[in-house]
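Novice:
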Amino acid sequence: MRYTLCLLLSLLSLTAFSQEARYFPKNFQSRQNGKTNFERHYFLEENKVRVDDYANQKLKQKSTVNGTLVTDEVDAYLWYIKNPLEHYLKPYFPNLKASITHFNDDGKLAYEMYAKGNKLTYGQVWNKENTPVLVEGSGQDIVAAKDKTEEAYYIFKDSVLVSAFIYRTQQKDTLHLRFDQMAAPKAGLSAFTNQLASTIQYPEDALNLDREATVYIQFTVDEQGHLKDFLTLNREEFEFDKKAIEKLKAYPTWNPAMLKGRPVKTRYTLPIVFRLEYSN
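FYI, in mature numbering (1 follows the signal peptide of the UniProt record, and there is no 0) the residues of the sequence shown are -18 to -1, 1 to 262.
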């Protein structure tokens, strides 16, 4: 038996279906083999797929995707819409369209969004008082973290999100969420993922018990490209996250994110998959 680690998650192939449910981690990036508190329900409706996302049995998002009946393509497109980064683009995206309604934890409307290929527009955004903030497609929304340590600012113009950043009240700094060039390893993302996957040690107890896991590590990349402020977004047994963070802390500096010709601090979330492979 040997183990492998993956940093870019592969997608499962599923085609013809009428109704199906799958389990996900908190951010709905990748399907999970076991049951979680985050469910995605798929419904086939003529030439489109309707998707309902539930978190802790509460409806969080309703989506409709046109142009495919393949659920792995639906998952990839919905993840890109939520995280519109260039390396998530797929060749079939230009053929797809989607409409999305997202809800806050209290069940009230958060935003309505539309996608056509890689073009994303907002129909409306509601603030915490449930008041619409877009007037003729323009406006600003401010969302404070529950612990008051962060304030996220979203600025819209002509129905497009033109600026987004987080102000951290304790550090008194700004993390940019929109930029002209994203932060990236100097040797390239592919080389980075291969090196990281080959050097992270599989937790011995988990290996002995045939346990697998997917961990999501969040960190900042500062103006000099240093990786810092590591945080595990999902807790797993056997300290999978500690093994990953240990290697990330020792990794060389990245190329920082760039905005209007200057380096800026940003936040990055990295999925790391611990998988076991069995061989004769």
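Just so you know, even glycine gets a beta-carbon here, dropped at the ideal spot from N, CA and C.
Are the beta-carbon atoms belonging to Gln206 and Pro238 less than 9 Å from one another?
Specialist: Locating residue 206 in the sequence shown gives position 224, counting from the first residue. Locating residue 238 in the sequence shown gives position 256, counting from the first residue. Going by C-beta atoms, Gln206 is nearer than 9 Å to Pro238.
Novice: Classify Gln177 as helix, strand or coil using the three-state DSSP reduction.
Specialist: The residue labelled residue 177 in the question sits at position 195 within the sequence shown. Gln177 falls in the helix class under three-state DSSP.
Novice: Below 8 Å, can you find three or more Cβ-Cβ pairs linking the segment 207 to 215 to the segment 172 to 188?
Specialist: no
Novice: With which residues is Thr214 paired in a DSSP beta bridge?
Specialist: Taking the first residue of the sequence shown as position 1, residue 214 is located at position 232. According to DSSP, Thr214 bridges with Ile199.
Novice: At what residue ranges does the segment 219 to 259 contain a whole run of the beta strand (DSSP E), taking only runs of 3 or more?
Specialist: 239 to 241, 244 to 246, 248 to 259
Novice: Could you check the C-alpha separation between Arg22 and Thr235 for me, to the nearest Å?
Specialist: Counting from 1 along the sequence shown, the entry for residue 22 is found at position 40. Counting from 1 along the sequence shown, the entry for residue 235 is found at position 253. The straight-line gap from Cα to Cα measures roughly 37 Å.
Novice: For the beta strand (DSSP E) holding Ile63, just list the boundary residues, first then last.
Specialist: The count along the sequence shown starts at 1 and reaches residue 63 at position 81. It is not in any beta strand (DSSP E) - Ile63 instead sits in the alpha helix (DSSP H) that spans 53 to 64.
Novice: Rounding to the nearest angstrom, what Cα-Cα distance links Gln152 and Lys130 in this structure?
Specialist: One-based indexing of the sequence shown puts residue 152 at position 170. One-based indexing of the sequence shown puts residue 130 at position 148. If you take the alpha carbons of Gln152 and Lys130, they lie about 9 Å apart.
Novice: Rounded to whole angstroms, what is the Cα-Cα separation between Asn119 and Thr113?
Specialist: Translated into positions along the sequence shown, residue 119 becomes position 137. Translated into positions along the sequence shown, residue 113 becomes position 131. In the sequence under discussion, the amino acid at residue 119 is Gly, which differs from the Asn named in the question. Their backbone Cα atoms lie some 14 Å apart in a straight line.
Novice: Within the chosen definition, does the segment 96 to 111 reach the segment 75 to 82 through at least 3 CB pairs nearer than 8 Å?
Specialist: yes
Novice: Examine the Cβ distances between the segment 186 to 197 and the segment 218 to 228 and report whether three or more of them are shorter than 8 Å.
Specialist: yes
Novice: Does Gly243 pass the burial test, meaning 16 or more other C-beta atoms within 10 Å, or should it be called exposed?
Specialist: Taking the sequence shown and counting its residues from 1, the one referred to as residue 243 is at position 261. So Gly243 counts as exposed.
Novice: For the segment 56 to 65 against the segment 27 to 47, are there 3 or more C-beta pairs whose distance is under 8 Å?
Specialist: yes
Novice: So the candidates are Glu68, Pro73, Glu111, Ala226; which of them puts its Cα closest to the Cα of Ala126?
Specialist: The residue labelled residue 126 in the question sits at position 144 within the sequence shown. Comparing Cα positions, the closest option is Glu111.
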